[in-house]
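Asks: Residue numbers (the working numbering): -8 to 553. All C-beta atoms in this analysis are idealised placements derived from N, C-alpha and C, irrespective of residue type, glycine included. Take this structure first; my questions come after.
Here is the structure:
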């Protein structure tokens, strides 16, 4: 049984759009389309939408909600009952951070980015998805209308300017029936993978990361101490996270906590027998960074006040507001490529790029013809150009749709943390609290996005925390999360002071790696893990891979494996 969707029209939204002509062709379950500017003046295109109706549907109608970027909530919701997070009175920056379209959703609207699966009361299903994302973002939106329920496939161009005589081919949209959401999603992901030439063959990643024990307080002595204990652990990668840099933006220098510099740290890691990895947030800079001071012209500007640099991020541990680089400038792209090349030359063959949604934030950029997706993709392409084809690049805080084919791994959920649910002591973000660090949030996205593993990239569910001291996780929650990482087949990086771990923690890691390698091999062979209760509730409970089934309770953080 499947839901039937009927294409009824298209819509264009933007500034000076009188000369825009949209060509649409539907062939079976696939719609191809393009937009041309036949007028005499440039047109700033915000959005072009294909509008479908659902002529026969029995409520409740549920949809899979794929989040926009790594940390955005991914779940399922009921149309007419649940709400879009953007309807809460919140900061426009947050909406811009977590959606392709930064405007608040209309009352009653629900949306998913790139792809969705719809299921009605009778179990009838349909997948709607964009085949590709490097040239523009794609949103699937449900909306009530006079003619019933609309399903809108929106190509979001974010105000990109289309010059007179120019034409843009848009990513195709598929409307596909089926009987199993997991099968539908895996099939869609495989089609996108082929279209975007996904990088899916990197080795299974096992390693250590400094963040979730030391956070920004990490020192060179901490790295040295853990390297001394790491010889008996099955790590390939040893990654230094946030905390080494003197300022955000100055990635080739270190602060006083790292007297050996980035080169010395890489040398120590390599000498210990591991691949050196390093964290950076390359598209943002601190106001006091050498980059910002030396090159104020490299900063994008606020769209509503061009005298001000564009805010790319706020983080109190960094000192407040960070500025976004204008990554449409060739000299900025060269800077990104040179930074990546210099880090690789220093010995880092594993680069984690974080907070990279900043390249899509609304602002004034030198090249107004690029869409937000093209800005993000172009910046990552510059890093890849400098780093080379053999360097493992991990995306984080990143818009997923635009990066298939350039990254080797991708964070597919919010940060974990040494607590199960969102920490009540952290400042709330109206509408977006569940995007903040919590292990339950990572559980939700790891299950819901499991089908992307080895289809788009290697999924990074985020780090294992094996310790049972210096944490608010119970031993049962530690095990539940570790098993979820294993059955997902995704990357497995430990983030503990190794001095806190003993034989029981090592045994749990060995169990995780045995599971992970088996599930990863199955995914590499074309059978990715799946979530059979994806559409049953907001937070799924069940993950299957390579014949293993993990069932958990998201409220308590307990799980059983069969």
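With DSSP collapsed to three states, give me the class of residue 341.
Replies: Numbered from 1 along the chain shown, position 350 holds the residue referred to as residue 341. Looking at residue 341 - three-state DSSP - the assignment turns out to be strand.
Asks: Please classify residue 402: does DSSP put it in a helix, a strand, or coil?
Replies: Here residue 402 is taken as the residue at index 411 of the chain shown, counted from 1. Residue 402 falls in the strand class under three-state DSSP.
Asks: Helix or strand or just coil, what does DSSP make of residue 276?
Replies: Position 285 of the chain shown holds residue 276. Note: residue 276 maps to strand in three-state DSSP.
Asks: Sort 29, 490 and 79 by Cα distance to residue 157 and report the nearest one.
Replies: For the purposes of this step, residue 157 is taken as residue 166 along the chain shown, with counting starting at 1. Checking every option, the nearest Cα to that of residue 157 belongs to 29.
Asks: What three-state label does DSSP hand residue 188 in the structure shown?
Replies: Position 197 of the chain shown, counting from 1, holds the residue named residue 188. Correct three-state label for residue 188: coil.
Asks: Alpha helix (DSSP H) containing residue 366: first to last residue?
Replies: For the purposes of this step, residue 366 is taken as the residue at position 375 of the chain shown. Its alpha helix (DSSP H) spans residues 363 to 378.
Asks: Looking at the structure shown, is residue 499 part of a helix, part of a strand, or coil, going by DSSP?
Replies: Working through the chain shown from its first residue, we reach residue 499 at position 508. Correct three-state label for residue 499: helix.
Asks: Spatial neighbours of residue 453 within its chain, please: CB distance less than 7 angstroms, with the 5 preceding and 5 following residues excluded, ordered by chain position.
Replies: The residue given as residue 453 occupies position 462 in the chain shown. If we look at residue 453 and ignore the five residues flanking it on each side, its Cβ neighbours are 402, 404, 406, 407 and 433.
Asks: First and last residue of the beta strand (DSSP E) that includes residue 533?
Replies: Counted from its first residue, the chain shown places residue 533 at position 542. It spans 533 to 536 - the beta strand (DSSP E) in which residue 533 sits, taken as one unbroken run.
Asks: Whole alpha helix (DSSP H) runs in the stretch 39 to 118 with 4 or more residues, listed along the chain?
Replies: 83 to 89
Asks: Quick one: is residue 136 buried, meaning 16 or more other Cβ sit within 10 Å of its Cβ, or exposed?
Replies: Taking the first residue of the chain shown as 1, we reach residue 136 at position 145. Burial call: exposed.
Asks: Buried or exposed: where does residue 196 fall if 16 or more other Cβ atoms within 10 Å of its Cβ makes it buried?
Replies: Position 205 of the chain shown holds residue 196. Buried, because 16 or more other Cβ atoms sit within 10 Å of the Cβ of residue 196.
Asks: Would you tell me roughly how many angstroms separate the C-alpha atoms of residue 97 and residue 83, rounded to the nearest one?
Replies: For the purposes of this step, residue 97 is taken as residue 106 along the chain shown, with counting starting at 1. For the purposes of this step, residue 83 is taken as residue 92 along the chain shown, with counting starting at 1. Going from the Cα of residue 97 to the Cα of residue 83 covers about 15 angstroms.
Asks: Please work out which residues of its chain come closer than 6 angstroms, Cβ to Cβ, to residue 125, disregarding the five sequence neighbours upstream and downstream, and give them in chain order.
Replies: For the purposes of this step, residue 125 is identified with residue 134 of the chain shown, where counting begins at 1. 368 and 393.
Asks: Can you have a look at residue 462 and say buried or exposed, based on whether 16 or more other CB atoms are within 10 angstroms of its CB?
Replies: Your numbering for residue 462 matches position 471 in the chain shown. Classification of residue 462: buried, given that the 10 Å Cβ count is 16 or more.
Asks: Helix, strand or coil for residue 17, going by three-state DSSP, please let me know.
Replies: Here residue 17 is taken as the residue at index 26 of the chain shown, counted from 1. Strand.
Asks: For the alpha helix (DSSP H) that residue 430 lies in, which residues bound it at each end?
Replies: Translated into positions along the chain shown, residue 430 becomes position 439. Counting along the chain, the alpha helix (DSSP H) containing residue 430 begins and ends at 430 to 439.
Asks: Here's a check: name, in chain order, each residue in its chain whose Cβ is nearer than 6 angstroms to the Cβ of residue 2, leaving out the five neighbours to either side.
Replies: Along the chain shown, one-based indexing puts residue 2 at 11. Same-chain partners within the cutoff: 40.
Asks: Grab me the residues of residue 31's own chain with a C-beta within less than 6 angstroms of its C-beta, minus the 5 sequence neighbours each way, in chain order.
Replies: Residue 31 sits at position 40 when you count from the first residue of the chain shown. If we look at residue 31 and ignore the five residues flanking it on each side, its Cβ neighbours are 155.
Asks: Locate the beta strand (DSSP E) running through residue 297, then write down its first and last residues.
Replies: Here residue 297 refers to the residue found at position 306 when the chain shown is read from its first residue. It spans 296 to 300 - the beta strand (DSSP E) in which residue 297 sits, taken as one unbroken run.
Asks: For residue 294, I'd like the list of residues in its chain whose CB is within less than 7 angstroms of its CB, leaving aside the five on either flank, ordered along the chain.
Replies: The residue you call residue 294 lines up with position 303 of the chain shown. Closer than 7 angstroms at Cβ, skipping near neighbours: 353, 354 and 355.
Asks: Are residue 397 and residue 375 touching if we call contact CB-CB under 8 angstroms?
Replies: Walking along the chain shown from the start, residue 397 turns up at place 406. Walking along the chain shown from the start, residue 375 turns up at place 384. Result yes, Cβ atoms of residue 397 and residue 375 sit closer than 8 angstroms.
Asks: If you run the structure through DSSP and keep just helix, strand and coil, what is residue 326?
Replies: Taking the first residue of the chain shown as 1, we reach residue 326 at position 335. Of the three classes helix, strand and coil, the one that applies to residue 326 here is helix, per DSSP.
Asks: I'd like the ranges of any beta strand (DSSP E) spanning at least 3 consecutive residues and lying wholly in the stretch 191 to 218.
Replies: 197 to 200
Asks: Is the stretch 171 to 186 touching the stretch 209 to 221, taking contact as three or more C-beta pairs under 8 angstroms?
Replies: No, the stretch 171 to 186 is not in contact with the stretch 209 to 221.
Asks: Enumerate in chain order the residues of its own chain whose CB-to-CB distance from residue 78 is below 7 angstroms, with the five nearest sequence positions on each side excluded.
Replies: Here the question's residue 78 lines up with position 87 in the chain shown. Closer than 7 angstroms at the Cβ level, and outside the excluded window around residue 78, lie 95, 96 and 98.
Asks: Taking only the alpha-carbon atoms, compute the straight-line gap between residue 475 and residue 525 and give it to the nearest angstrom.
Replies: Position 484 of the chain shown, counted from the start, is the residue given in the question as residue 475. Position 534 of the chain shown, counted from the start, is the residue given in the question as residue 525. Rounded to whole angstroms, residue 475 to residue 525 spans 15 angstroms at the Cα level.
Asks: Can you give me the C-alpha to C-alpha distance between residue 479 and residue 455, rounded to a whole angstrom?
Replies: For the purposes of this step, residue 479 is taken as residue 488 along the chain shown, with counting starting at 1. For the purposes of this step, residue 455 is taken as residue 464 along the chain shown, with counting starting at 1. Between residue 479 and residue 455, the C-alpha separation is close to 13 angstroms.
Asks: Nearest-angstrom Cα distance between residue 385 and residue 342?
Replies: Against the chain shown, residue 385 aligns to sequence position 394. Against the chain shown, residue 342 aligns to sequence position 351. The alpha-carbon atoms of residue 385 and residue 342 are separated by roughly 6 angstroms.
Asks: For the alpha helix (DSSP H) holding residue 470, just list the boundary residues, first then last.
Replies: If you number the chain shown from 1, residue 470 lands on position 479. Segment 466 to 479, the alpha helix (DSSP H) holding residue 470.
Asks: What are the start and end residues of the beta strand (DSSP E) that includes residue 485?
Replies: Residue numbering aside, residue 485 sits at position 494 when the chain shown is read from its first letter. From DSSP, the beta strand (DSSP E) with residue 485 extends over 483 to 485.
Asks: Within its chain, find whatever has a CB closer than 8 angstroms to the CB of residue 46; leave out the 5 residues flanking it on each side and keep chain order.
Replies: Translated into positions along the chain shown, residue 46 becomes position 55. Taken in chain order, the residues that qualify are -5, -3 and 139.
Asks: Are residue 487 and residue 443 touching if we call contact CB-CB under 8 angstroms?
Replies: Numbered from its first residue, the chain shown carries residue 487 at position 496. Numbered from its first residue, the chain shown carries residue 443 at position 452. No, they are not a contact pair.
Asks: Between the Cα of residue 327 and the Cα atoms of 147, 299 and 243, which residue gives the shortest distance?
Replies: The sequence position of residue 327 within the chain shown is 336, counting from 1. The closest CA to that of residue 327, considering only 147, 299 and 243, is found on 243.
Asks: I want to know whether the stretch 108 to 124 touches the stretch 158 to 175 - three or more CB-CB distances under 8 angstroms.
Replies: yes
Asks: Looking at C-alpha atoms only, which residue of 104, 537 and 520 is the closest neighbour of residue 178?
Replies: As a position in the chain shown, residue 178 is number 187, starting the count at 1. It is 520 whose Cα lies nearest to the Cα of residue 178.
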